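Colleague: Structure below; questions to follow.
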Amino acid sequence: MNLFEHVLRSGRIFANKDVLRPSYIPAYLPHRKEQIERLAEILSAALRGETPSNILIYGKTGTGKTATVKYVAQELERMAKQIGSKTEVIYINGEIFDTQYRVFAYLARIFNRKVPMMGWPTDVVFEAFREGVDRERRCVIVVLDEVDKLVKKGDEVLYNLSRINSDLRRAKVSVVGISNDLTFTDELDARVRSSLGEEEIVFPPYNAMQLSDILKQRAELAFREGVLEEGVIPLCAAFAAQEHGDARRALDLLRVSGEIAERLGEEKVREEHVRLACERIETNKIAEVVRTLPLHSKIVLSAVVMLSKEHRKRRFTSGEIYSMYRKICGFVNIEPLTQRRVSDLTAELEMLGLVSATVVSRGRYGRTKEISLSVQESSLRDVLLSDYKLKSLSAFRLRTQMLLNEENA
DNA sequence: CCTCCACCGGAACGTGAGGAGT
DNA sequence: ACTCCTCACGTTCCGGTGGAGG
2 MNLFEHVLRS GRIFANKDVL RPSYIPAYLP HRKEQIERLA EILSAALRGE
52 TPSNILIYGK TGTGKTATVK YVAQELERMA KQIGSKTEVI YINGEIFDTQ
102 YRVFAYLARI FNRKVPMMGW PTDVVFEAFR EGVDRERRCV IVVLDEVDKL
152 VKKGDEVLYN LSRINSDLRR AKVSVVGISN DLTFTDELDA RVRSSLGEEE
202 IVFPPYNAMQ LSDILKQRAE LAFREGVLEE GVIPLCAAFA AQEHGDARRA
252 LDLLRVSGEI AERLGEEKVR EEHVRLACER IETNKIAEVV RTLPLHSKIV
302 LSAVVMLSKE HRKRRFTSGE IYSMYRKICG FVNIEPLTQR RVSDLTAELE
352 MLGLVSATVV SRGRYGRTKE ISLSVQESSL RDVLLSDYKL KSLSAFRLRT
402 QMLLNEENA
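The end of the first sequence is residue 410 by this note's numbering, with every number in the run present.
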């Protein structure tokens with residue numbers, strides 16, 4: 002029997018899993034007709050040889066911004082080719098090209114200018130790009146995805162890009178900015194804001210019904226026929242709708258549900274698989290947050306975990322937590338921070354939703370914050386111990402347990 | 001009604017890392 | 001290569017406070 006034979010045979014669930022990935026662009030985008038038409042209308046100026054207005058697109062994650070823009074871009078380029086107009090769309094992700102230099106260097110290279118990875122002054126790179134585009138009559142639409150990330154490091158990119166047209170003789174350039182953050186224009190220079198935001202398109206979150214439609218459409222391609230039980234799609238949609246209608250989340254959920262069903266060797270995807278998937282995604286999300294926490298925050302969190310393990314109660318005063326925190330620091334040989342700082346760290350943990358804290362006054366016994374864990378302790382344990390500086394903590398627990406026993410005896 | 005606990009949380013300041021400018 | 005600036009992280013200092021118990 003071949004090693005891979007059972008893997009091939011077990012593929013009874015999925016027909017084409019890639020359809021569920023966020024990078025997939027469907028041929029039809031449900032419930033985005035309005036936005037697509039608006040975008041197409043604005044960009045169609047390019048086909049008439051005019052410069053399209055600059056556009057700003059807003060919407061939370063998973064509202065179809067990127068997919069819509071890519072879809073319209075495809076259609077635009079195809080039509081341009083048919084009618085022999087030189088129109089191209091360049092897609093740039095601001096998370097990957099996260100400095101002005103990288104953006105311009107990338108653009109310049111597209112237009113056959115040789116620009117080194119680094120070293121040149123930024124304005125020279127910009128000039129190389131400008132000259133490169135202007136070689137021919139054409140219209141270039143630059144899509145800046147996650148533009149808010151790029152702008153955090155200075156809005157000069159946008160300033161330069163939005164002013165480039167006045168220095169171009171043959172070519173035309175317009176900018177489409179995509180942002181998750183609705184308030185990001187506040188940080189922009191007023192001139193940039195007005196020139197970039199000539200047109201604005203908002204992508205509202207999907208509701209549960211709309212999410213269902215999206216999932217249905219993708220499921221048809223992604224899964225083999227009849228493997229999805231009836232309640233699966235509505236349940237995925239409902240879970241995702243609870244969290245600001247994120248379609249990416251819904252698709253993830255559906256995909257993970259399928260994977261779980263597959264791994265369990267089931268013939269069908271059932272609602273219980275969706276619930277398992279939901280839990281798994283949740284745990285992963287928490288683990289990811291905790292993993293990237295600074296060391297001392299991890300120790301504070303460990304302190305809360307330890308306390309809730311060793312005592313019956315769930316809530317602890319900041320004093321209790323601080324002394325446990327100091328104990329742990331002593332055990333793992335790390336200089337403890339002050340109580341003041343720890344109080345800020347707990348506030349951050351609260352912001353992240355890992356603990357919940359409320360100020361209570363206990364009269365004679367002072368005023369304090371009561372803090373409790375607001376996630377499953379089991380989803381924290383492994384990720385906390387995975388920090389190499391904290392790995393000895395598993396031993397710590399035994400030691401305090403012993404100390405407690407001795408005290409009692 | 002006053003006191004006083006056990007912290008909260010604001011303000012000012014110190015420090016080192018990293019970026020921009022030159 | 002250099003200075004200057006900003007920013008995140010921490011510390012020190014301290015005024016503020018809701019309510020149980022006297």
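Idealized CB from N, CA, C, for every residue including glycine. Bear in mind the structure is a predicted one, so any value in this text is a computation, not a measurement.
1) Where does the unbroken beta strand (DSSP E) through Ser-1 begin, and where does it stop?
2) Work out the CA separation of Glu-272 and Leu-159 for me, nearest whole Å.
3) Using DSSP with H/G/I as helix, E/B as strand and the rest coil, what is Asp-99?
4) The beta strand (DSSP E) spanning Thr-62 covers which residue range?
5) Measure the alpha-carbon distance for Glu-408 versus Asn-181 and round it to whole angstroms.
6) Taking the CB atoms as reference points, tell me whether Val-333 and Leu-391 lie closer together than 8 Å.
7) The alpha helix (DSSP H) spanning Asp-383 covers which residue range?
8) Answer yes if the segment 131 to 151 comes into contact with the segment 89 to 104, meaning at least three C-beta pairs across the two stretches below 8 Å, and no otherwise.
9) Which runs of the beta strand (DSSP E), 3 residues or longer, sit entirely within the segment 119 to 164?
10) Please name the residue, chosen from Ile-202, Ser-163, Ala-358 and Arg-170, that lies closest to Phe-317 on a Cα-to-Cα basis.
11) What do you reckon, are the CB atoms on Val-291 and Val-193 nearer than 8 Å?
12) I need the straight-line Cα distance from Arg-33 to His-312, nearest angstrom please.
13) Would you call the CB atoms of Leu-381 and Leu-302 closer than 8 Å?
14) Just checking, does the segment 146 to 153 make contact with the segment 123 to 131 on the three C-beta pairs under 8 Å criterion?
15) When the Cα atoms are used, what is the spatial distance from Lys-66 to Leu-77?
16) Rounded to whole angstroms, what's the CA-CA distance from Ser-362 to Glu-371? Just pull it up for me.
17) Between the segment 101 to 117 and the segment 69 to 84, can you find at least three pairs of beta-carbon atoms closer than 8 Å?
18) Classify Ala-410: buried if its beta carbon has 16 or more other beta carbons within 10 angstroms, exposed otherwise.
19) Work out the CA separation of Tyr-326 and Leu-296 for me, nearest whole Å.
20) Helix, strand or coil: which one does DSSP assign to Ala-172?
21) For Phe-185, which residues in the same chain have their Cβ closer than 7 Å to its Cβ, ignoring the five residues on either side in sequence?
22) I need the straight-line Cα distance from Gly-320 to Thr-369, nearest angstrom please.
23) Just mark Pro-53 as buried or exposed, buried being the case when its beta carbon has 16 or more other beta carbons within 10 Å.
24) Using CA atoms only, rank isn't needed, just tell me which of Leu-252, Glu-336 and Glu-157 is closest to Lys-275.
25) Span of the alpha helix (DSSP H) holding Asn-285?
26) Using DSSP with H/G/I as helix, E/B as strand and the rest coil, what is Glu-201?
27) Can you give the beta carbon distance from Ser-309 to Glu-378, rounded, assuming they're within the 8 Å contact cut?
28) At a threshold of 7 Å, does Thr-318 count as lining the ligand ADP (C-beta to nearest heavy atom)?
29) Kindly list the residues whose CB is nearer than 6 Å to the CB of Asp-247, restricted to its own chain and excluding five residues on each side of it in sequence; keep chain order.
Modeller: According to the structure shown:
1) Since the first residue of the chain shown is 2 and the last is 410, residue 1 is not available in this structure.
2) Here the alpha carbons of Glu-272 and Leu-159 stand approximately 47 Å from one another.
3) Reduced to three states, the DSSP call for Asp-99 is coil.
4) Per DSSP, Thr-62 belongs to no beta strand (DSSP E) and is neither H nor E.
5) Any reading at Glu-408 must be qualified, since the residue scores a pLDDT of 48, below 50, and its modelled position is unreliable; the value itself is stated next. One C-alpha to the other measures close to 56 Å.
6) Yes, they are a contact pair.
7) Segment 379 to 386, the alpha helix (DSSP H) holding Asp-383.
8) With a cut-off of 8 Å, the segment 131 to 151 and the segment 89 to 104 count as touching, because enough Cβ pairs lie within range.
9) As far as the segment 119 to 164 is concerned, its whole beta strand (DSSP E) runs of at least 3 residues are 140 to 146.
10) Among Ile-202, Ser-163, Ala-358 and Arg-170, the Cα nearest to that of Phe-317 is on Ala-358.
11) Cβ atoms of Val-291 and Val-193: not closer than 8 Å.
12) Cα to Cα, the separation comes out at about 53 Å.
13) Yes, the pair counts as a contact, with Cβ atoms nearer than the cut-off.
14) Too few Cβ pairs lie closer than 8 Å, so no.
15) Distance between the alpha carbons of Lys-66 and Leu-77 is about 16 Å.
16) Counting only the Cα atoms, Glu-371 lies some 10 Å from Ser-362.
17) Contact fails: fewer than three Cβ-Cβ distances are below 8 Å.
18) Here Ala-410 scores only 38 on pLDDT, less than 50, and its place in the model should not be relied on; the value that follows carries that caveat. Burial state of Ala-410 is exposed, judged by a 10 Å Cβ sphere holding fewer than 16 other Cβ atoms.
19) Rounded to whole angstroms, Leu-296 to Tyr-326 spans 12 Å at the Cα level.
20) Note: Ala-172 maps to coil in three-state DSSP.
21) Close CB contacts of Phe-185 within its chain, under the 7 Å cut and outside five residues either way in sequence, are with Asp-149 and Val-152 (chain order).
22) If you take the alpha carbons of Gly-320 and Thr-369, they lie about 8 Å apart.
23) Buried is the call here.
24) First, the residue type needs correcting, since residue 275 is Val and not Lys in the sequence shown. Nearest in C-alpha terms to Val-275, of all of Leu-252, Glu-336 and Glu-157, is Leu-252.
25) Its alpha helix (DSSP H) spans residues 272 to 292.
26) Reduced to three states, the DSSP call for Glu-201 is strand.
27) Confirmed, Cβ separation roughly 7 Å.
28) The ligand content of the structure shown is nil, which means the ligand ADP is not present either.
29) Same-chain partners within the cutoff: Thr-62, Gly-63 and Ala-241.
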